[in-house]
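Same order as they appear, the protein sequences are chains A and B. Just so we're aligned, residue 83 is where the first sequence starts under my numbering, counting upward by one. Just so we're aligned, residue 616 is where the second sequence starts under my numbering, counting upward by one. Reading through the C-alpha cells given below for one structure.
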Amino acid sequence: MLVGDKSDVLQGTLDLMVLKTLEAMGPLHGYGVARRIEQVSGNTLSLNQGTIYPALLRLEQRKWIKSAWGVSESNRRAKFYSLSLLGRKQITEEIENWERIATTMARFLEPAK
Amino acid sequence: MDLIRILLSRFFALFRAKRLDADLDEELRAHIELAVEENLKRGMPAQAARTQALRSFGGVTQTRERYRTQREIPLLEMLAQNIRFGLRHMRRAPGFALVALLTLALGIGATTAIFSVVDAVMLKPLPFPTAARLVQVGSLIAATGKGGSASYLDFADLRDENHVFDGMAAFRTGDLIWIGPHEPVRLEGVAVSANLFSLLGTTPALGRSFRPEEDSPAATGGTDPVILSYGLWQREFSSDASVLGRTLQLGNQAYTVVGVMPKGFQFPIQAEPTELWTTLAIDARGGANALTVQRGAHYLDVVGLLKPGVPIQSAEAEMAAIAASLNKLHPENRARTIRLTPLLQSLVGDLGAPLLILTGAVGCVLLIVCANIANLMLARATARRMEIAMRIALGASRGRVLCQLLTESLMLGLIGGGLGIAVAAGLVRVLVRIMPVDIPRLNDAAVDIRLLFFAILVSLLAGILSGLFPALQASKLSLTGSLQKSGRTSGGEDKGSNRLRSSLVVSEVALAVTLLLGTGLLLQSFLHLTKVNPGFNPNHVLTYQLDAPAGMQSDQIPGFYREVVARMTALPGMTSASAAAALPLTGDHVRSSIEIEGQPTPLGSRSQADFNIVEPEFFRTVGTTLVSGRDFTPRDNVKSTPVVIVNRALAGLYFPNQSPIGKHVRPGIGNGYGPGEPPMREIVGVIEDIKQSGPGVEAEPEVYVPFAQCPWDSVFIAVHIATDPEGAVSAARRQVTSLNKNAPIYHVKTLDQYFSDSVAEPRFISLLLSSFATLSVLLACLGIYGVVSYSVLQRTHEIGIRMALGADSGRVVRAVLSKGMVLALIGVTIGLAGSFALVHVLSSLLFGVRATDPLTFAGAAFALLCFAALASYIPARRAAAVNPMTALRND
Chain A
83 MLVGDKSDVL
93 QGTLDLMVLK
103 TLEAMGPLHG
113 YGVARRIEQV
123 SGNTLSLNQG
133 TIYPALLRLE
143 QRKWIKSAWG
153 VSESNRRAKF
163 YSLSLLGRKQ
173 ITEEIENWER
183 IATTMARFLE
193 PAK
Chain B
616 MDLIRILLSR
626 FFALFRAKRL
636 DADLDEELRA
646 HIELAVEENL
656 KRGMPAQAAR
666 TQALRSFGGV
676 TQTRERYRTQ
686 REIPLLEMLA
696 QNIRFGLRHM
706 RRAPGFALVA
716 LLTLALGIGA
726 TTAIFSVVDA
736 VMLKPLPFPT
746 AARLVQVGSL
756 IAATGKGGSA
766 SYLDFADLRD
776 ENHVFDGMAA
786 FRTGDLIWIG
796 PHEPVRLEGV
806 AVSANLFSLL
816 GTTPALGRSF
826 RPEEDSPAAT
836 GGTDPVILSY
846 GLWQREFSSD
856 ASVLGRTLQL
866 GNQAYTVVGV
876 MPKGFQFPIQ
886 AEPTELWTTL
896 AIDARGGANA
906 LTVQRGAHYL
916 DVVGLLKPGV
926 PIQSAEAEMA
936 AIAASLNKLH
946 PENRARTIRL
956 TPLLQSLVGD
966 LGAPLLILTG
976 AVGCVLLIVC
986 ANIANLMLAR
996 ATARRMEIAM
1006 RIALGASRGR
1016 VLCQLLTESL
1026 MLGLIGGGLG
1036 IAVAAGLVRV
1046 LVRIMPVDIP
1056 RLNDAAVDIR
1066 LLFFAILVSL
1076 LAGILSGLFP
1086 ALQASKLSLT
1096 GSLQKSGRTS
1106 GGEDKGSNRL
1116 RSSLVVSEVA
1126 LAVTLLLGTG
1136 LLLQSFLHLT
1146 KVNPGFNPNH
1156 VLTYQLDAPA
1166 GMQSDQIPGF
1176 YREVVARMTA
1186 LPGMTSASAA
1196 AALPLTGDHV
1206 RSSIEIEGQP
1216 TPLGSRSQAD
1226 FNIVEPEFFR
1236 TVGTTLVSGR
1246 DFTPRDNVKS
1256 TPVVIVNRAL
1266 AGLYFPNQSP
1276 IGKHVRPGIG
1286 NGYGPGEPPM
1296 REIVGVIEDI
1306 KQSGPGVEAE
1316 PEVYVPFAQC
1326 PWDSVFIAVH
1336 IATDPEGAVS
1346 AARRQVTSLN
1356 KNAPIYHVKT
1366 LDQYFSDSVA
1376 EPRFISLLLS
1386 SFATLSVLLA
1396 CLGIYGVVSY
1406 SVLQRTHEIG
1416 IRMALGADSG
1426 RVVRAVLSKG
1436 MVLALIGVTI
1446 GLAGSFALVH
1456 VLSSLLFGVR
1466 ATDPLTFAGA
1476 AFALLCFAAL
1486 ASYIPARRAA
1496 AVNPMTALRN
1506 D
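Structure, rendered in C-alpha cells:
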C-alpha cells in the first residue's frame, strides 16, 4: 500500500552502494548520490530517490559518513556527505560480506543448472 | 557498539526534533531544485521539469516519515503521538471520557477496597513465625458438639500424652484493675501458660518471657510475673526501660514486670488489643477451690503447635483417642471430644460466607462496569468512523490505527485505574469505620501494594479488552462507505457491532438482576431480624461493668453491688436500676449443668442451661415480662431458701404442661451457701425468653439466681433512664468511685448500642449489597439507554420514512420501547435462571425468608423491567419527535 516498500529489502545493499559512491565521487550531496546510483545501476533500479535520505541518516548515525552544509555548483545550499575513516574501513568488510553471500547463493543455485 | 551509537543518536534526536525537521526540509528542497535544474539543462520545459523531479523523488511526506522513523525511537515517538492524539480526543468528547473514567474509577475502587478488607481480615496469615502450624484445640461436649474451652487438668493431659504437637499452650481473658499512680483503670489482660510466647515463635522486645515454673504460684513472699504490651509500655511508662523489675498492683495482688512484647504483637487476635499478659498461676490459688484443679471447669482456650509435617487430620485422630481415654478415666464429667482447627480459620470462621458474597457482588459490578465501558468504546468507535477512514486514506497503516485506538483504551484504563486507587483508599477507610465492630484485624485493612498492582492490572485489562473489538472493527472499515457523509454504512460491520453491544447489555441486565435479588433477600432478612421480639426492651437503658473491689470478702460482695444499685437512684431521670452477671447480647453468659428435682442424673450426663445471676428488679429494668410467679426480693439471701427463676424455654422443656413454680432444679455452679455441691433451688418465677445471643438465635433454657445467694466477681449494672441515658455517665461514675475508689466502671454502653451491634453484621451486608445493586441497576439502565438511543440514531432515516408513510408517533414509541424491553427481558430471564443456582450461597445469612422465595424473584424482575422501560422511554420519545423532513434530508 505504501510506495517504497521495496527499499526495505535493499537496505543493506543500498548502504553499500552509497558508501561506494562516496568513495568514488568524493563529497556529494543527497541528490548527487541518488543520481549516481541510478546511473551506475544502469537505470534498472527503479528506486524512489527519496529513499536515499533514511539510508544516509542511518549511515551517519553509525558514523560511517559525515555531513556538512555546503554550496553546490549552481550556488545552491545543500548538505554534503563524505566518507569517514570508519566508513572507509567498513567498505572492505561490507564487500567481503557481500561476496560471501554471493558465493553461498551460487552454490545453492548450481545444481539447478 | 554500533547499536549503542545508533540508540544514543536517536535518543538525543527526540529533543532536537524541530531543528532537525527544518534541516531535513531544507535538504529535500535542495534535492528537488537540483533535480529541476538538471531537467531544465536537459531541455525539459519548466513545468515538466518539476513534475519529473517530484515523480522521481517519490512521496515527500513518506520520505519525511521514514526519515523520522529512522531518526527517532519509533516506539517512543509513536507512543508520544498516540498519547497526544488520545488526550485531544478525550477533550473533544468530554462526556464520553467522563462517564468512562467515572465508571472505571468506581468499579476498580470498589473492587480494590473490598479485596483489601477481605485480605486483611481473612487471607493475611497470622503475624507469628509459627503461624502455619498453629491450630486451635477445641474441647467440645461430645453429645452436642458445643463448647470449645478445656479445663486445666484436661489441657495438661492432652499436652502430655500426645505425640503430634511440638507444644500446647492455654489462655483465658483476665482483665485486671491496675491500682496505679492515677485513677484505678481496667486493663485488658490475658492469662497464659508460660510457654505461649515460645509456641508462637515470639520473644519479648525487652526483658524475658515467662519461665515454666511460673505457671504455679510464686512462693510466699514472691510475686507473680507480668509482661506488658508495647502500647501499654509506651502510654503509661513512657517507653522507659526501667519498668523491668517494677511492681504493679493489679487487682488484689502485686505483680513484677518481667518483659515487654514487641510493637504490634497481639495475642489473642481480637478487636480489643491486649495490654498485659499474666500466667495461669492466678487460677492455681485457692487450694481445693482453685480453677486449675477442677476437671469440670472448662474455661481455657487451647492452642497447639503441630509437629512439622504432621497433617491436621492425623493429629485430630490422635487427640480424639486421648479424649476418649480421658472420658473413660473420668466418667463423672461429661464426655468430651477434640476438634482441631487451623488458627487462622478459627478466627475468621463465620466471616467466610458474608465476605465471599460481598466479593462476588463486587465482581458482578466490575463485570458490568467493563461491559459498559466496552459499549461506550464501541459506540464511540462507530461514531469516529469518518475520522479513522480519513487517517487511513492519508497514509496511516491499519496497524497504526489499531495501535492508536488501543493506546486510547489503555490511557482510559490507566487514568481510570489511578482514580480508582484514590477511590479505593478512601473507601477502605470508610468501610473500616462502618463495619461491625468486632471483626478482628479489620483496623489493619489498608490498600496494599499487591492490590495496587491488581487494580492496575484490572484497569489495563478492562481498557485493552474493551478497546480490542472496536479497534479491530474500526481498522477493517471500508473506506468509501465510511467517507460518505450519511450515517449509514454497509450493514455487515454495524450488525456485528450492534449484536455485541446488545449481548453486553443483556449480560449487564442479568448481573444486575442477580444483585437485586440478593439484596432483596438480605434486606428482608434484616427487617425480619429487627422485628423479632428479643425478650427485653433495649431503649433507654444505660449499662456499665464493674468488678468487685480487690480484697473484698465474697460475703460482702452482694452487699456492695446492692449499694451501687441503690446509688443509681441519684441519677437524673432514672426509673429503675439493677445488676446482672451477664446482660443480654453481651456474650458473657455462662453455661452450667442442671439437675431436675426427681430426675437424679450423674454429673457427667446432666443437661445444660444458661446461667445468670441477677439483682431484684432486673427484669423490670430491662423490660422483660414476668410470666408467672415473682421476682427476687431483698429477702432472698443466704439465710433464706435457695431460689431460682427460670425462663419459658426451660419451663417448656422440663415441665411441659405444668407450672414449674414450686418445683426444684439444681444448677451446677453458684453456691453462696458454703462449700460442696450447689443446693437444689426452688423455682419462684418464670420469665419470657431473652434472646441472649441476638434476635436471630433461639433462646436457650436459662436459670437465674439472686446475687445475695451467689457472689460473683464482676457485674453489669443496668439503669433505666427515661431521659437521656448517655448524659448520666459521669454522674454514675462519680457515684461508684465515691463508694469505693478501687472499683472503676468500664465498658459503658447503652443496651441500645449492644442491640444495634448484634444486628450490625446483617445490617452492614444489606447496606453494601444494596449500594452495589443500585449501582449495577443504574449502569445496566445506562447500557440499555445507550443501545436503544444509538439504534434510534442509526435508523433516523428509516423512522423518517415510516412517519412520512403515515406511522403515528405511538407506533414509533412502541417499536423503540420493545427493542429495549426485549433486551431487558432476555437479561432478566438469564439472570434469574442463573441466580436460582447461586442463591443457596446466601442461605446461611437469611432469616425468615427462603433463598428461593418466589415473591422476591418476581419483585426483582419487575423492578428491573420498570427501570428498563424508563431507560428505553426517553429515546423512544426522541424517536417519536423526529421530523420526517429533516430525517429524510439528512441523507
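Ideal Cβ placement from N, Cα and C applies to all residues, glycine included.
With residue i and residue j assumed to form a contact (beta carbons below 8 angstroms), what rounded beta-carbon distance in angstroms separates them?
i               : j               : result
L955 (chain B)  : M934 (chain B)  : 7 angstroms
T727 (chain B)  : V1259 (chain B) : Their Cβ separation, rounded to whole angstroms, is 55 angstroms, which puts T727 (chain B) and V1259 (chain B) out of contact at 8 angstroms.
I1332 (chain B) : A1194 (chain B) : 5 angstroms
L814 (chain B)  : S844 (chain B)  : At roughly 18 angstroms, the Cβ-Cβ gap does not stay under 8 angstroms, so L814 (chain B) and S844 (chain B) are not in contact.
Y682 (chain B)  : L639 (chain B)  : 6 angstroms
S953 (chain B)  : S1140 (chain B) : In the sequence as presented, Ser is not what sits at residue 953 (chain B); that position holds Ile. Actually they do not touch by this definition, with Cβ atoms about 34 angstroms apart.
Can you pull the chain B neighbours of residue i, defined as C-beta to C-beta under 9 angstroms?
i              : result
G112 (chain A) : E642, L643, A645, H646, L649
So what's residue i in DSSP terms, helix, strand or just coil?
i               : result
L98 (chain A)   : helix
E181 (chain A)  : helix
G1107 (chain B) : Residue placement at G1107 (chain B) is flagged as unreliable, the pLDDT there being 46, under the threshold of 50; the coordinate-derived value follows with that caveat. Residue state, collapsed to three classes: helix.
R861 (chain B)  : coil
F1175 (chain B) : helix
G1102 (chain B) : Reliability fails at G1102 (chain B), whose pLDDT of 46 lies under 50, so the model's placement of it is uncertain and the value that follows must be treated cautiously. Correct three-state label for G1102 (chain B): coil.
A1224 (chain B) : strand
I1380 (chain B) : helix
R625 (chain B)  : helix
Y914 (chain B)  : coil
E1210 (chain B) : strand
P109 (chain A)  : coil
R117 (chain A)  : helix
M1518 (chain B) : Within the shown structure, residues of chain B are numbered from 616 to 1506, placing residue 1518 (chain B) beyond reach of any answer.
Name, please, each residue of chain B whose Cβ falls closer than 7 angstroms to the Cβ of residue i.
i              : result
L139 (chain A) : Y682, Q685, R686
R215 (chain A) : Residue 215 (chain A) is absent from the model: chain A starts at 83 and stops at 195.
K161 (chain A) : E642
P136 (chain A) : R681, Y682, Q685
Closer than 9 angstroms by beta-carbon distance: list the chain A residues that pair up with residue i, in chain order.
i               : result
I621 (chain B)  : R140, Q143, R144
T1471 (chain B) : Going along chain A, no residue has its Cβ under 9 angstroms from T1471 (chain B), so there is no contact; the nearest lies around 60 angstroms.
Report yes if the CB atom of residue i is closer than 7 angstroms to the CB atom of residue j, and no otherwise.
i               : j               : result
A1224 (chain B) : I1209 (chain B) : yes
M1050 (chain B) : F1379 (chain B) : yes
S1118 (chain B) : Q131 (chain A)  : no
A1060 (chain B) : V1038 (chain B) : no
V1392 (chain B) : F1482 (chain B) : yes
V750 (chain B)  : G919 (chain B)  : yes
Y1159 (chain B) : F1322 (chain B) : no
I1276 (chain B) : I1298 (chain B) : yes
L82 (chain A)   : I134 (chain A)  : Only positions 83 to 195 of chain A appear in the structure, and residue 82 (chain A) is not among them; the question remains open.
R1263 (chain B) : E1303 (chain B) : yes
T1129 (chain B) : G1398 (chain B) : no
Quick check on residue i - is its C-beta less than 7 angstroms from some C-beta in chain C?
i              : result
T974 (chain B) : This model lacks chain C altogether, as its protein chains are A and B.
Less than 6 angstroms separating the Cβ of residue i from some heavy atom of the ligand ATP?
i               : result
S1222 (chain B) : Questions concerning the ligand ATP fall outside what the structure shown contains, since it holds no ligand whatsoever.
Starting from the beta carbon of residue i, find every residue of chain B whose beta carbon is closer than 8 angstroms, and list them in chain order.
i              : result
Q131 (chain A) : H646, A650, S671, F672, G673
S166 (chain A) : What S166 (chain A) touches in chain B: nothing, since even the nearest Cβ is about 12 angstroms away.
S154 (chain A) : A645, L649
Taking C-beta pairs closer than 7 angstroms, name the residues in chain A that residue i reaches, listed in chain order.
i              : result
T666 (chain B) : Result: empty, since nearest Cβ-Cβ is about 14 angstroms, beyond 7 angstroms.
A624 (chain B) : Here the sequence assigns Ser to residue 624 (chain B), which means Ala is not the residue at that position. What S624 (chain B) touches in chain A: Q143.
Taking residue i as the query, report the chain A residues whose CB atoms sit under 8 angstroms from its CB, ordered along the chain.
i               : result
T1129 (chain B) : Neighbours of T1129 (chain B) on chain A: none; closest Cβ ~48 angstroms, over 8 angstroms.
Worksheet item: In the segment 1278-1339 of chain B, which residue ranges form an unbroken beta strand (DSSP E) of at least 3 residues, counting only runs that do not cross its ends?
Response: 1279-1282, 1296-1302, 1317-1321, 1329-1336
Worksheet item: Of all the alpha helix (DSSP H) runs that stay within the bounds of the segment 758-830 of chain B, which reach a length of 4 or more residues?
Response: 767-776, 811-815
Fill in: Segments assigned beta strand (DSSP E), at least 3 residues, entirely inside the segment 1431-1487 of chain B
none
Worksheet item: Fully enclosed by the segment 708-750 of chain B, which alpha helix (DSSP H) runs are 4 residues long or longer?
Response: 709-733
Practice prompt. Please specify which runs of the beta strand (DSSP E), each continuous and at least 3 residues long, are wholly inside the segment 154-179 of chain A, giving them in chain order.
Written response: 159-165
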